[in-house]
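Take a look at the structure set out below.
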Amino acid sequence: MNTSFKDLNLNQNLINGLEKQGITIPTDIQTLAIPAALENRDVIAESHTGSGKTLAFLTPIFEKVNTEKREMQALILAPTHELVMQIEAEVKLLAENSGMPVTTLSIIGDVNIDKQIKKIRDTKPHIIVGSPGRVLDLIRKKKITAHTIKTIVIDEADNLLDKNNSQVIQDIIKTTMRDRQLMIFSATVSQKTLELATLLMKDPAVFKAEGTASLNPNINHAYIVADRRDKFDTLRKLLAAANAEKSIVFVNNSTELEIVTQKLNYHDRAAFNISSHVSKEERQRALESFRSGRIKILVSSDLSARGLDIPGITHVFNLDFPVSANDYLHRAGRCARGYGFGSCVCIANNKEVAAIRVYEREFNIQIKPIKLFGGSVQYVETAQTTQSVETTNSTENIESVEATKSVE
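In the numbering used here, the protein residues as written are 738 to 1145.
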């Protein structure tokens, strides 16, 4: 889609702010969603991870916020603390770069509620970014003024509108005015999510970014076969071969997070995890170390990493095989953010290999078998046994990896 932010009717201050962030051309989902959002339409938007969904809803909110009023005007709901903090940081960055005096505040659980109430009173934020449970608590305490909220955004809607969370979301929506705008954004929008969202909305505009199969096409997909008892040793060798600046290791069971992290650190691989047992302050310090490169490996569960947006992640390693196509989608989407490139590698036992064919069909991708040989990674099916896998900055090489490439 050839267009510009000016064509989307964003004001020049916002355009200048985006340019300071190195963003000059809107992505497909931004081109589709922003005009409808500016018209105050309800929006359902589906696009692959890393495709610019956050700015697709933030820029219209910035356009509509009345900064002369010190009152809450927009509410953004997200499923994890990390995603809440990231969106809040995006709001602050855009406000600073655009020179627009839009204020924001993050509201999450596991934080002293009295301190949050004081911050709300002192800040009087235009935009609240929060986790649903704590937001609903504060609405019921009449500390978040639901009647002044004109726009609600549900980010990662496939998670927040599932059977475990949808009632809280509906309870929040019921406290707001009937003419409020509701927008949902997600990498995947299931039929059940679509049906529920439609019940909550008024004639929504539904968008799916063209040319995407929900997964970023700049991600290289591979798998290596290993018995369960050999999986960690295989992971260790893959990490050595990749020598990546930033990578994420996924496990299915949250109890394994600390065990895997300790094993990696024992083998001189600087790693940390962001489980629910880690305090907010520890998570923030660890994520900052990850962003700066002092720590190179993040060990995570599916929920902990949902929406995690850290530039420069080139490799995702699935130590435990993803149990669903949706989990594979969100794991792979942690790398190759924006216009970057990355590799997603599954460590699978013989029984798990069958699911790989399912994911290939689901996302219209190739997940190629690889093996370790002489400290490097090689494709199994190629006749050129010297061929290896590399994350590159060339689309041509991502789609057709040549013989001399290495995992780096």
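Cβ atoms here follow ideal geometry from the backbone N, Cα and C, with glycine treated the same way.
Since the model is a prediction, treat every value here as computed from it, not as a measurement.
In this structure, the alpha-carbon of L751 lies about 15 Å from that of N803. Of the residues assessed, F742 falls on the buried side of the cut-off, its CB having 16 or more other CB atoms within 10 angstroms. If only uninterrupted beta strand (DSSP E) runs of at least 3 residues are considered, those enclosed by the region 1010 to 1043 are 1034 to 1037. Apart from sequence neighbours up to five positions away, the residues of its chain that approach P838 with a beta-carbon distance below 6 Å are T804, ordered along the chain.
Residue range S1113 to Y1116 is occupied by the beta strand (DSSP E) that includes Q1115, with no alpha helix (DSSP H) assigned at that position. Of the other Cβ atoms in all chains shown, 16 or more fall within 10 Å of the Cβ of S1113; this residue is therefore buried. Of the candidates V1082, R1074 and A959, V1082 places its Cα closest to the Cα of N1055.
One Cα belongs to I1093, the other to V1053, and the distance between them is close to 16 Å. Around the beta carbon of P1048, fewer than 16 other beta carbons lie within 10 angstroms, which makes this residue exposed. In this structure, I1034 places its C-beta atom within 8 Å of the C-beta atom of S984.
Distances from the CA of L830 to each of F799, V848, N989 and Q853 were compared; the closest alpha carbon is that of F799. Between G789 and K887, the alpha-carbon positions lie close to 23 Å from each other. DSSP, read as helix, strand or coil, puts D859 in helix.
Its Cα nearest to that of P954, the residue G1077 stands out among T882, R1028, G1077 and K861.
Bounds of the alpha helix (DSSP H) holding I798 are K790 to K801. Judged by beta-carbon spacing, N1086 lies within the 8 Å limit of V962, meaning their Cβ atoms are closer than that value.
In the DSSP assignment, T841 falls outside any alpha helix (DSSP H) and lies within the beta strand (DSSP E) extending over T841 to I844. Measuring C-alpha to C-alpha distances from S843 to each of R1031, L792 and V872 identifies V872 as the nearest. For K983, the three-state secondary structure derived from DSSP is coil.
Residue pairing from DSSP places S1080 in a beta bridge opposite N957 and H1052. Listed in chain order, the beta strand (DSSP E) elements of length 3 or more contained wholly in the region 841 to 922 are 841 to 844, 864 to 867 and 888 to 892. Beta-bridge pairing by DSSP links L1109 to V1114.
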